[in-house]
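Q: Let me begin by handing over the structure; questions about it come next.
4 protein chains.
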Amino acid sequence: MRLHVEARLDYDFPQDVESLLHLEVAHEAGQTIVAESLTFDPPIAHARLDDPATGERRVVFRHQGSLKMTYVAMVDLTPRDTALAGAPQHAVADLPIEVLPFLRGSRFVESDRFEQIARHEFGQLTGGDRVEAILTWLRTHVAYRSGCSNATTTAIDSYVNRRGVCRDYAHIAAALCRASDIPARLVSAYALGLEPPDFHAVIEAYVGGRWRLADPTGLASPANLVRIGEGRDAADIAFLTIFGEAFMTAQSVTVRDISQAPAEPAAA
Amino acid sequence: MRLHVEARLDYDFPQDVESLLHLEVAHEAGQTIVAESLTFDPPIAHARLDDPATGERRVVFRHQGSLKMTYVAMVDLTPRDTALAGAPQHAVADLPIEVLPFLRGSRFVESDRFEQIARHEFGQLTGGDRVEAILTWLRTHVAYRSGCSNATTTAIDSYVNRRGVCRDYAHIAAALCRASDIPARLVSAYALGLEPPDFHAVIEAYVGGRWRLADPTGLASPANLVRIGEGRDAADIAFLTIFGEAFMTAQSVTVRDISQAPAEPAAA
Amino acid sequence: MRLHVEARLDYDFPQDVESLLHLEVAHEAGQTIVAESLTFDPPIAHARLDDPATGERRVVFRHQGSLKMTYVAMVDLTPRDTALAGAPQHAVADLPIEVLPFLRGSRFVESDRFEQIARHEFGQLTGGDRVEAILTWLRTHVAYRSGCSNATTTAIDSYVNRRGVCRDYAHIAAALCRASDIPARLVSAYALGLEPPDFHAVIEAYVGGRWRLADPTGLASPANLVRIGEGRDAADIAFLTIFGEAFMTAQSVTVRDISQAPAEPAAA
Amino acid sequence: MRLHVEARLDYDFPQDVESLLHLEVAHEAGQTIVAESLTFDPPIAHARLDDPATGERRVVFRHQGSLKMTYVAMVDLTPRDTALAGAPQHAVADLPIEVLPFLRGSRFVESDRFEQIARHEFGQLTGGDRVEAILTWLRTHVAYRSGCSNATTTAIDSYVNRRGVCRDYAHIAAALCRASDIPARLVSAYALGLEPPDFHAVIEAYVGGRWRLADPTGLASPANLVRIGEGRDAADIAFLTIFGEAFMTAQSVTVRDISQAPAEPAAA
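Protein chains in written order, with our numbering: chain Y, 1 to 268; chain F, 269 to 536; chain V, 537 to 804; chain P, 805 to 1072.
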C-alpha cells in the first residue's frame, strides 16, 4: 500500500526558543519512504538528531516569530502482523535488555499502581490474550471524547475519568500491560482513516518474541500505521516539544491511500 | 581509594515469582572491581541481564520461600570530577541523542510542571551554576526525614511536603534541572560515610560536555560514590524489583574505606 | 443492648501545641450514655467545643510532654433501622438544605471525578438499591489491607489501589454515592465485634427521607454502632487533630456487649 | 455605594436534569438588596433552597433544552472593614464551633499538606499579619493567567503551576491559612472593577474575632464586594451546579457603580 501523509503546523513563537520536531516517518522495516520533504516558512536553519538505533528522526531549530512547518511523505507500507491471540508472555529473564525499561512506570503511565486492578480484571490470561482483553476492556469502559484531558493527564486520571483521546487510551493500555509484566510502549503514527485526522498514538506490546502494534481506541487499523516514533509514553513521542512557549495557530494532518493513483506522466 | 561494599538482603517470597536484582557495582570508568561475590542462600539459578552499553549489571531469578542475598565487592575508586560551577549549559541541538530522554518527565519526576517554579526561583542562572543553585535551594528548603514518603511519592509530592529521603531530594533536583532544559538523571550508588548506611540515590546533570554527579541531600561526597545504575528516576534504579509480592525481613548496607588496610598476609 | 466502650491514647507532644479530641459518644437519638469518663494523665485543663446541632462533642487542650487520654462509656443502644433496599432517591429540590453539602466533593472524596464510573457501574439503579450495589461492588473489588494507605490517601487513590482500611472503603463509597447524586457522609463510631478493634469509619447515605448507616467494609453491623461524629470525610471526623506535631506511643479501643452482665452488687 | 449587578447565563441542557443556581446576592449585613429579579427564558418552575443561617440563596430547577437565566440586582453596599494588620490569631479553643470546619482540608484545598511550606515561608507571623504575608506571597509568586487550570485543579496543582485565576489564588491562600491554623473560607461575589468582568472568588480569614475578606488576586477591592455565597472551596460556591451535563453557550457578568446615577423621575 502506498500512503501520502502530510502534516502542516503553524506556530507562533513569541520568544527566541529551541524546539524539537518529531513528525518525520521513521526508518523502519515495513515502511519505505519513497519521497518526502520537510519545509519551514520562513526557511530556518535546523539540526538533525536522528537515532540510528531506532530509526527515529528529529529536527531541532531555534526560532522567534511565526513559522509554518510542512512535512509531506510518500510511504510504501507492508501491512504488519499485529496478531495478539495466543502470543505467549515472556519471563522477565527471557526479555531482551532493551525491552526492560518498558516494564516500568513512566511520566503518564503509573503502572506500579495498577497491579491489583490488572490482577482482578484480567485474572489468569497471559501474553497476547491478556493484551486483547485489556483492549476489549478499554473499548467497553472508556468513551472517546476530546476536551476531557490535557497534556498532564495520566493513566490514573484517564482510568477514573473513563473518557479521553488516543493518548489517554494508550496510557491506560500501557499501564495495564506493564502492571501485568508485559512490556508496553507508545508509538506515534500517521493513521489511514482516522476521523478526525490527526497525529495518532497507539501502543506496542512485547509478546511472542516481538513488539506487536495495537490501537486501543479501535479507530485505526494497526496494520496500516506509518510509524513516527516510540517511547515510554506521550512525553517521549511528542511531535513538537517547545523549550519555552509557543502558540499553535493552525494544524492539520492528512493521510491518503494513493496505491491506486495513476503514475505521474513521464512528461507533463 | 579502595572501598569495601556489602549489601545483605533477606526477603520472603510467599509465591513463586521473578525478581530483578540491581545492586552490583557497574562496570564504568573510574571504578575498578578488584573482587566481588553475589551469593544466594539457598543457592538458586539466576540469569544475567547485563547492559554492555551502560555497564549496568542485573540478575533475574525466580524463587518462592525465604532468600538471603549477599553482595560483597572491593572497588578501587578514582575520585570523580564533580565540579559544577561555570560548566556551560548546552543548546538542545548540541546534546548527544542518548541524553535527550533525560530532558523529559518520568514516573516520579513531573518536570513539565516545574517550569514556572524553575524560572521564578533560578532566574538567569544557566548550566552548572543553575544546578548548584538548585542544590542549595534543596538543602535550605527540604528537611531530611524518613517515614514521610513512600514508593509512589513523586517530585511534586516532595516539593510540597518539604521532607523526604535521598530518593525524594533526587527527584526534586531532577525535576528542576529538566524544567530548566538541563538533562538530569538518577544514579544509585554505594556511598562512603552515609549515615545511616543504605543504598543511596543521587543525581547527574549533563552540563559542560559531560554528566556530573551531585548529592542533593549533601550527606555524601559525590566524588567517592560507587555507581550501581542510572535512569530517569527511582523506577529505573530500584535495587530489587519484585514481579509479584515479597516481604523484607532484614536489610543492611555497609561501605568502608580499606585504602589503609594492611595487605593480606601471603600465607595465613 | 448495653455496650461498654473504652479508648486509650498515649501520645507524646514534643512542643506545647493545641489538640482537638473527638472520641466521645455523641448525644443522639438511639444511643443513651449511661455513664462515661474522660481522663487525662497528667490532669490538664481543657475546653469543650460541643455542637448542640449535631450532638457531637469535642475537647480542646494544650499540652507539652507525654499524655495518656482515657475515655470510657457505657451506652444503651437501640438498634438502628439501616434498611437500604427500596429506599427512594430524592430529587435535589426535595433535600433538606443541611444535606446539600454532602452532595459535593471533599478533601478525600473527589466525587466530581467519579461520575462516569458511577454511571457505568450502577446504571439505572437509584436510591437505596444503588447504595447497596455500591457496597456490593466494594466488597468484591477492594481488599481490606492495612499499611497500603495513609492519612493523605483519597478515594481516587483507593479506587485504583483496590486495597485499604475502613476509612478508604468509606471514601470510595461516599464518592460513588455523591457521584450518583445521593448525599453521603462519613461517620466515626465504636463498633462491636470489629477485628482488630479500632475506631471505625462507616458511611451514611441520605435516601428514603433520612440518613441510613452502612459499613462499606462489611466488618461491623451498622445497626449496633455507637456514633462519635459525622462529616464530609476523614478530615472532619478525626478522633485526634494535633495543631503541630505529636507521636503516638500506644493506642487501643475496646467495645464489649455488657447487656447480660450481672448488675454491680449494691455493696461491694 | 449603590451597585448594579447583572449575570446572564445561556445554557443548553441535552437531557432533562436538575441544576442548582447560586448567583443571587446573599442576605447579609452590609449589603441591602434594593431591587432584584431572576428570570428564566423560557419560564420554568423552580424551587428555592435558601439558607436562613447564612443568608445564601439557591434555586433548583429541572430542565431540558436551551435556557437563558438572567439575574439583575441593585444593591446598597456599606464598605466592609477588611483590615488584617495586627488582627490577632485565635487559639483553637477560642474559636466559635461553626468556624472549626474551615481549619480542615477540603476538595480543592489540601491544607494538611501545606504545613511545612507555611512554617518555612511565614515563620513567626501570626493572625492578620500572617494572612497579609500569604497574600503578598501570592501576588509575587503566582501569575494571573486563564486557561492554565480547570474545574478539578487543586491548591497543590496551582501552587506548583504558579499560574491560575481567582479560584486558584483563593485555594492556595486558603490552604496556607488553614495550614497556619487560621480558619479560611472561599466567598463568591460580584466585584466592581474586575477586568475582565466575571463571577469572582475571594477568601475570608477568621482573625481578630471575625471573618475578614481579602482578594488574593489583588484585582478587586474586598471592601466593595457583593457577596453571593461562602464555603470550604470552589465546590461549595459554584454559581451553577448541573446534576448531569449541560453546555454553556454564552455567559456574562457586569457590575456597575450607580451611586451617582440620577434618581428615577417620580413620574415618567
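Glycine included, every Cβ here is placed at the ideal spot set by N, Cα and C.
Since this is a predicted model, take the numbers as computed values, not measurements.
Spell out a yes or no on whether the segment 743–753 of chain V and the segment 607–626 of chain V are touching, meaning 3 or more CB-CB pairs, one atom from each, closer than 8 Å.
A: Yes, the segment 743–753 of chain V is in contact with the segment 607–626 of chain V.
Q: Does DSSP put P/D854 in a helix, in a strand, or in coil?
A: Taking the first residue of the fourth sequence as 1, we reach residue 854 of chain P at position 50. Here P/D854 sits in coil by DSSP.
Q: Taking the DSSP output, what are the residues bridged to Y/F61?
A: In the first sequence, counting from the first residue as 1, residue 61 of chain Y sits at position 61. Y/S19 and Y/H46, per the DSSP bridge assignment.
Q: With a threshold of 8 Å between beta-carbons, can V/A643 be considered close to chain Y, or not?
A: Numbered from 1 along the third sequence, position 107 holds the residue referred to as residue 643 of chain V. Per the sequence presented here, residue 643 of chain V reads as Arg, with Ala not at that position. Chain Y contact via Cβ: absent.
Q: Which residues, in order along the segment 426–439 of chain F, keep a beta-carbon less than 8 Å from a beta-carbon of chain P?
A: Under the 8 Å Cβ criterion, the segment 426–439 of chain F contributes Y427, V428, N429, R430 and R431.
Q: To the nearest angstrom, report how far apart Y/L23 and Y/M1 are at their CA atoms.
A: In the first sequence, counting from the first residue as 1, residue 23 of chain Y sits at position 23. In the first sequence, counting from the first residue as 1, residue 1 of chain Y sits at position 1. Each residue's alpha carbon lies about 20 Å from the other.
Q: Cβ of F/H388 less than 8 Å from any chain P Cβ?
A: On the second sequence, position 120 is the one that residue 388 of chain F refers to. Output row for F/H388: interface = yes.
Q: Could you check if V/R763 is buried or exposed, using at least 16 other CB atoms within 10 Å of its CB as the buried criterion?
A: Sequence index remark: in the third sequence, residue 763 of chain V carries index 227 (1-based). Classification of V/R763: buried, given that the 10 Å Cβ count is 16 or more.
Q: Have a look at F/D309, F/M516 and F/L289 and flag the residue whose alpha-carbon is nearest the alpha-carbon of F/V327.
A: Your numbering for residue 327 of chain F matches position 59 in the second sequence. Taking only the C-alpha atoms, the option nearest F/V327 is F/L289.
Q: If you run the structure through DSSP and keep just helix, strand and coil, what is F/G354?
A: As a first step, residue 354 of chain F is located in the second sequence; it is residue number 86 there, counting from the start. Correct three-state label for F/G354: coil.
Q: V/S602: which of V/I653, V/I580 and V/R643 sits nearest, CA to CA?
A: To locate residue 602 of chain V, count along the third sequence from 1; it is residue 66. Of the listed residues, the one whose Cα sits closest to V/S602 is V/I580.
Q: Please state whether DSSP places P/I1007 in a helix, a strand or coil.
A: Locating residue 1007 of chain P in the fourth sequence gives position 203, counting from the first residue. The answer is strand: DSSP assigns P/I1007 an E or B state.
Q: Using a Cβ cut-off of 7 Å, which residues of the segment 831–859 of chain P contact any Cβ in chain V, in chain order?
A: Answer set for the segment 831–859 of chain P: A851, L853 and D855.
Q: Indicate whether Y/V142 and Y/R113 have their beta-carbon atoms separated by less than 8 Å.
A: Here the question's residue 142 of chain Y lines up with position 142 in the first sequence. Here the question's residue 113 of chain Y lines up with position 113 in the first sequence. No, the pair does not count as a contact, with Cβ atoms beyond the cut-off.
Q: Where does Y/R210 land, buried or exposed, given buried means 16+ other C-beta within 10 angstroms?
A: Here the question's residue 210 of chain Y lines up with position 210 in the first sequence. Counting Cβ neighbours within 10 Å, Y/R210 comes out exposed, since fewer than 16 surround it.
Q: What residues from chain V crowd round P/A897, counting only those whose CB sits closer than 7 Å?
A: The residue given as residue 897 of chain P occupies position 93 in the fourth sequence. In chain order: E554, A583 and V596.
Q: Quick check on Y/H141 - is its C-beta less than 8 Å from some C-beta in chain V?
A: Position 141 of the first sequence, counted from the start, is the residue given in the question as residue 141 of chain Y. Output row for Y/H141: interface = yes.
Q: Rounded to whole angstroms, what's the CA-CA distance from P/E832 to P/G1033? Just pull it up for me.
A: The residue labelled residue 832 of chain P in the question sits at position 28 within the fourth sequence. The residue labelled residue 1033 of chain P in the question sits at position 229 within the fourth sequence. Looking at the two C-alpha atoms, the distance is approximately 10 Å.
Q: Based on the DSSP secondary-structure assignment, which residues constitute the bridge partners of F/W479?
A: Counting from one through the second sequence, the residue named residue 479 of chain F turns up at place 211. F/Y474.
Q: Give the residues of chain P in contact with F/I385, contact being defined as C-beta atoms less than 8 Å apart.
A: Numbered from its first residue, the second sequence carries residue 385 of chain F at position 117. Those within 8 Å of F/I385 in chain P are V964 and R966.
Q: Pick out whichever of P/H894, P/E810, P/I901 and P/L1029 has its Cα sitting closest to the Cα of P/A877.
A: Residue mapping note: residue 877 of chain P aligns to position 73 of the fourth sequence, counting from 1. Residue P/E810 is the option with its Cα nearest to P/A877.
Q: Mind checking whether Y/E99 and F/E286 have CB atoms under 8 Å apart?
A: Walking along the first sequence from the start, residue 99 of chain Y turns up at place 99. Walking along the second sequence from the start, residue 286 of chain F turns up at place 18. The sequence given here has Val at residue 99 of chain Y, not Glu. No, these two residues do not count as a Cβ contact at 8 Å.
Q: Among the residues of its own chain, which have a CB less than 7 Å from the CB of V/I569, if the five just before and after it don't count?
A: On the third sequence, position 33 is the one that residue 569 of chain V refers to. Only V561, A609 and V611 meet the Cβ criterion.
Q: Against P/I960, what residues of chain F qualify as contacts under a CB-to-CB distance less than 8 Å, listed in chain order?
A: Along the fourth sequence, read from residue 1 onward, the residue named residue 960 of chain P stands at position 156. Near P/I960 (Cβ distances below 8 Å), the residues of chain F are I424 and V428.
Q: Please list, in chain order, the chain F residues whose beta carbon lies closer than 9 Å to that of P/R917.
A: As a working note, residue 917 of chain P is residue 113 in the fourth sequence. Result: D425, V428 and N429.
Q: Is there a C-beta anywhere in chain P that falls below 8 Å from the one on V/I633?
A: Here residue 633 of chain V corresponds to residue number 97 of the third sequence, with the count starting at 1. Closer than 8 Å: yes.
Q: Based on Cα-Cα distance, which residue from V/S716, V/G664 and V/L755 lies nearest to V/A727?
A: Here the question's residue 727 of chain V lines up with position 191 in the third sequence. Ranking the options by Cα distance to V/A727, first place goes to V/L755.
Q: Are the beta-carbon atoms belonging to V/I718 and V/V667 less than 8 Å from one another?
A: Reading the third sequence from its first residue, position 182 is the one you call residue 718 of chain V. Reading the third sequence from its first residue, position 131 is the one you call residue 667 of chain V. For V/I718 and V/V667, yes; Cβs fall inside 8 Å.
Q: Can you pull the DSSP bridge partners for Y/M74?
A: Numbered from its first residue, the first sequence carries residue 74 of chain Y at position 74. Partner(s): Y/H4 and Y/A35.
Q: From the DSSP output, which residues share a beta bridge with F/E389?
A: Counting from one through the second sequence, the residue named residue 389 of chain F turns up at place 121. Paired residues: none, contrary to the question.
Q: Could you say which of Y/N150, Y/F243, Y/D157 and Y/N224 lies nearest to Y/V255 if we only look at CA atoms?
A: Start at 1 with the first residue of the first sequence, and residue 255 of chain Y comes out as number 255. Measuring from the Cα of Y/V255, the nearest candidate turns out to be Y/N224.
Q: To which residues of the same chain is P/S984 closer than 7 Å at the C-beta, ignoring the five residues directly before and after it?
A: To locate residue 984 of chain P, count along the fourth sequence from 1; it is residue 180. A922, F926 and R934.
Q: Just how far apart, CA to CA, sit P/Q920 and P/H975?
A: One-based indexing of the fourth sequence puts residue 920 of chain P at position 116. One-based indexing of the fourth sequence puts residue 975 of chain P at position 171. Taking the straight line joining both Cα atoms gives about 17 Å.
Q: What runs of the beta strand (DSSP E), each 3 residues or longer, lie entirely inside the segment 627–688 of chain V?
A: Segments of the beta strand (DSSP E) lying fully in the segment 627–688 of chain V: there are none.
Q: Find the residues of chain F that neighbour Y/E6, judging by a C-beta separation of less than 7 Å, and give them in chain order.
A: Start at 1 with the first residue of the first sequence, and residue 6 of chain Y comes out as number 6. Within 7 Å Cβ-Cβ: nothing; Y/E6 doesn't reach chain F, min ~26 Å.
Q: Identify which residue in P/G834, P/Y1010, P/C970 and P/E1008 has its Cα closest to the Cα of P/P1000.
A: For the purposes of this step, residue 1000 of chain P is taken as the residue at position 196 of the fourth sequence. Checking every option, the nearest Cα to that of P/P1000 belongs to P/C970.
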